[in-house]
Amino acid sequence: MRTLTVAMHGVTGRMGTNQHFIRSILAIMRQGGVTTSGGETIGIKPILLGRDAAKLKHLAESVANEQIGHHVDWSTDVDSVISDASVDIVFDSSSTQMRASMVRKAAEHGKAVYCEKPIAIDTDEAIALAETCESAGIRNGVVQDKLWLPGVRKLRMLRDQGFFGDILSVRGEFGYWVFTGHDPDQPPQRPSWNYRSEDGGGMMIDMFCHWQYLIGDLFGPIDRVLAHAAVDIPERIDESGKPYPCTADDSAYAIFVTKSGVTCQFNSSWTTRVRRDDLLTIQVDGTKGSAVAGLRECLVQDMESTPRPTWNPDIPQPIDFYSGWEQLSDQTNYDNAFKIQWELFLRHVAGDGEFPWSLRSGAHGVALANAGETSWRQQRWVSIES
Numbered sequence: 001m002r003t004l005t006v007a008m009h010g011v012t013g014r015m016g017t018n019q020h021f022i023r024s025i026l027a028i029m030r031q032g033g034v035t036t037s038g039g040e041t042i043g044i045k046p047i048l049l050g051r052d053a054a055k056l057k058h059l060a061e062s063v064a065n066e067q068i069g070h071h072v073d074w075s076t077d078v079d080s081v082i083s084d085a086s087v088d089i090v091f092d093s094s095s096t097q098m099r100a101s102m103v104r105k106a107a108e109h110g111k112a113v114y115c116e117k118p119i120a121i122d123t124d125e126a127i128a129l130a131e132t133c134e135s136a137g138i139r140n141g142v143v144q145d146k147l148w149l150p151g152v153r154k155l156r157m158l159r160d161q162g163f164f165g166d167i168l169s170v171r172g173e174f175g176y177w178v179f180t181g182h183d184p185d186q187p188p189q190r191p192s193w194n195y196r197s198e199d200g201g202g203m204m205i206d207m208f209c210h211w212q213y214l215i216g217d218l219f220g221p222i223d224r225v226l227a228h229a230a231v232d233i234p235e236r237i238d239e240s241g242k243p244y245p246c247t248a249d250d251s252a253y254a255i256f257v258t259k260s261g262v263t264c265q266f267n268s269s270w271t272t273r274v275r276r277d278d279l280l281t282i283q284v285d286g287t288k289g290s291a292v293a294g295l296r297e298c299l300v301q302d303m304e305s306t307p308r309p310t311w312n313p314d315i316p317q318p319i320d321f322y323s324g325w326e327q328l329s330d331q332t333n334y335d336n337a338f339k340i341q342w343e344l345f346l347r348h349v350a351g352d353g354e355f356p357w358s359l360r361s362g363a364h365g366v367a368l369a370n371a372g373e374t375s376w377r378q379q380r381w382v383s384i385e386s
């Protein structure tokens with residue numbers, strides 16, 4: 001069995017802890033590693049990195065012991081671990097502002113790089129990071145987890161089966177209410193840097209990266225964007241209990257038009273209260289049928305089941321529009337989306353299979369976010385370069 005040593009930086013945050021460390025890396029270790037197409041087993045040896053020794057120790061000892069029956073290594077000496085010859089992969093899920101330095105350090109020492117999105121705030125820097133990895137000849141990748149969500153996989157299956165006919169339009173609704181922290185009984189669910197543009201926060205730079213690869217995978221590359229954003233909440237409370245001014249957009253609204261002419265509308269907000277099936281819903285309308293997918297479930301309505309409504313506000317609505325939809329059954333056992341992509345990247349580093357979700361791919365997401373901000377500031381359509 002071959003073992004890959006993975007230095008994991010930024011795992012003390014919510015996403016790093018839950019999705020990457022517990023539900024991906026520890027889950028892979030618990031199942032005995034991953035198997036390549038040639039039958040070789042790839043094991044993992046994680047080393048947790050960061051500045052908060054207490055949090056690292058808790059994850060590496062208490063959490064790891066609970067999940068896999070033994071502790072894993074941890075260190076606050078980031079530079080020493082990254083330069084260690086035994087380290088194969090450097091993973092980063094810290095704040096966006098720290099991403100560039102971590103990627104460059106890893107590339108300098110010839111380590112494979114895997115990181116969260118966005119890979120940068122600025123398109124030029126994102127491209128430069130991709131070029132750094134390519135020049136160093138290292139395997140690299142960016143997290144694009146939503147491609148493996150069960151609901152998205154069901155949409156992809158329907159598309160491939162021709163269920164929709166010609167796809168006409170797409171509507172995405174994303175978000176939920178993130179508490180401001182002013183009420184001590186309702187602490188914020190997201191870190192404060194997310195709401196400071198100077199620290200790399202903002203809805204566009206956060207979520208447009210997701211919408212870029214999701215729309216591209218399901219409906220084709222984006223040709224142009226028209227967007228608007230807002231700083232809805234002027235003040236929030238940080239981790240130390242102190243108020244701070246919010247400088248980053250916490251809601252963003254966009255129309256993306258693909259090169260094939262499909263109109264995709266996506267509303268993204270941290271200041272909305274959910275009255276829909278899930279935190280993310282995507283409705284696809286086509287000439288033969290429609291589907292609404294959440295994170296896991298997917299509902300469909302074909303032409304035969306489509307009701308014939310008439311407009312009459314003078315009487316109660318006689319049609320139950322929810323009853324004409326059929327829920328798709330699960331086609332397989334769906335694993336954690338982050339874990340699936342981790343397994344693909346580990347195999348890729350081991351020389352088994354391609355990994356198209358590279359930093360170069362991640363740079364396209366940053367470019368879309370930057371184009372969205374330009375559209376917002378200048379109040380115009382912005383074309384997306386291929």
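The opening position of the sequence shown corresponds to residue 1 in the UniProt record's numbering, with each subsequent residue numbered one higher.
Note that beta-carbon positions come from the ideal geometry of N, C-alpha and C, so glycine has one too.
Could you say which of the options lies nearest to residue i if we only look at CA atoms?
{"i": "F256", "options": "I222, W270, T281", "result": "I222"}
{"i": "K259", "options": "D352, S386, Q378", "result": "S386"}
{"i": "D250", "options": "Y213, G175, I315, A7", "result": "G175"}
{"i": "I68", "options": "P356, F21, T332, F345", "result": "F21"}
{"i": "S269", "options": "D330, R380, G172", "result": "G172"}
{"i": "S83", "options": "T5, G165, L346, W325", "result": "T5"}
{"i": "H348", "options": "D92, I42, R14, L26", "result": "I42"}
{"i": "residue 388", "options": "L149, P46, I119, Y322", "result": "Nothing in the structure corresponds to residue 388, since the chain is present only between 1 and 386."}
{"i": "S329", "options": "P187, L346, L158", "result": "L158"}
{"i": "V170", "options": "P118, P316, G261, N18", "result": "G261"}
{"i": "N267", "options": "M15, T310, D145, Y253", "result": "Y253"}
{"i": "V300", "options": "L280, Y334, H210, L155", "result": "L155"}
{"i": "P188", "options": "V225, H210, E239", "result": "E239"}
Starting from residue i, trace the beta strand (DSSP E) in both directions and tell me its first and last residue.
{"i": "residue 396", "result": "Within the shown structure, residues of the chain are numbered from 1 to 386, placing residue 396 beyond reach of any answer."}
{"i": "G372", "result": "Note, G372: premise wrong, no beta strand (DSSP E); alpha helix (DSSP H) at 359-378."}
{"i": "V113", "result": "112-115"}
{"i": "I82", "result": "Note, I82: premise wrong, no beta strand (DSSP E); alpha helix (DSSP H) at 78-83."}
{"i": "M29", "result": "Taken as a continuous stretch (DSSP letters only), M29 belongs to no beta strand (DSSP E), being part of the alpha helix (DSSP H) at 27-30."}
{"i": "Q301", "result": "298-302"}
{"i": "A7", "result": "2-9"}
{"i": "F91", "result": "89-92"}
What residues in its chain sit with their C-beta under 7 Å from that of residue i, if we drop five residues either side in the sequence?
{"i": "S95", "result": "W193, D199, G200"}
{"i": "E373", "result": "M204"}
{"i": "A167", "result": "Inspection of the sequence shows that residue 167 is occupied by Ile rather than by Ala. Here the set comprises F219, V262, V284, G286."}
Over the uninterrupted alpha helix (DSSP H) stretch that includes residue i, give me the two end residues.
{"i": "A130", "result": "123-136"}
{"i": "G146", "result": "Reading off the sequence, residue 146 comes out as Lys, not Gly. Careful: K146 lies outside any alpha helix (DSSP H) and carries neither H nor E."}
{"i": "M102", "result": "96-108"}
In chain order, what residues of the same chain lie with their CB nearer than 6 Å to the CB of residue i, ignoring the 5 residues before and after it?
{"i": "N370", "result": "T123"}
{"i": "L368", "result": "F208, Q212"}
{"i": "K127", "result": "Here the sequence assigns Ile to residue 127, which means Lys is not the residue at that position. The answer, listed in chain order, is A363."}
{"i": "T12", "result": "G50, D52, K55"}
Assuming residue i contacts residue j under a Cβ cut-off of 8 Å, what Cβ separation, rounded to an integer in Å, is found between them?
{"i": "L48", "j": "L59", "result": "6 Å"}
{"i": "E343", "j": "V90", "result": "Not confirmed; about 18 Å, so no contact."}
{"i": "Q327", "j": "E297", "result": "6 Å"}
{"i": "L359", "j": "V78", "result": "That pair is no contact at about 20 Å."}
{"i": "G139", "j": "A100", "result": "The residue asked about is misnamed: residue 139 is Arg in this sequence, not Gly. Going by Cβ atoms, the distance from R139 to A100 rounds to 19 Å, so no, they are not a contact pair."}
Let me check you understand the geometry: is the CB of residue i closer than 7 Å to at least one non-hydrogen atom of the ligand SAH?
{"i": "T35", "result": "Among the components modelled here there is no ligand, and therefore nothing to report on the ligand SAH."}
Identify, in the order they occur along the chain, each residue of the same chain with its Cβ nearer than 8 Å to the Cβ of residue i, setting aside the five sequence neighbours on each side.
{"i": "A350", "result": "R2, L4, T36, E40, I42"}
Practice problem: Pick out the complete alpha helix (DSSP H) segments inside the UniProt domain "GFO/IDH/MocA-like oxidoreductase" (152-291), 4 residues or longer, and give them in chain order. | Solution: 203-219
Self-check item: Complete beta strand (DSSP E) runs within the region 316-357 (minimum length 3 residues, chain order)
Solution: none
Quiz prompt | Length-filtered (3 minimum) beta strand (DSSP E) runs lying within the region 29-80 | solution = Counting only runs of 3 or more, we get 41-49, 73-75.
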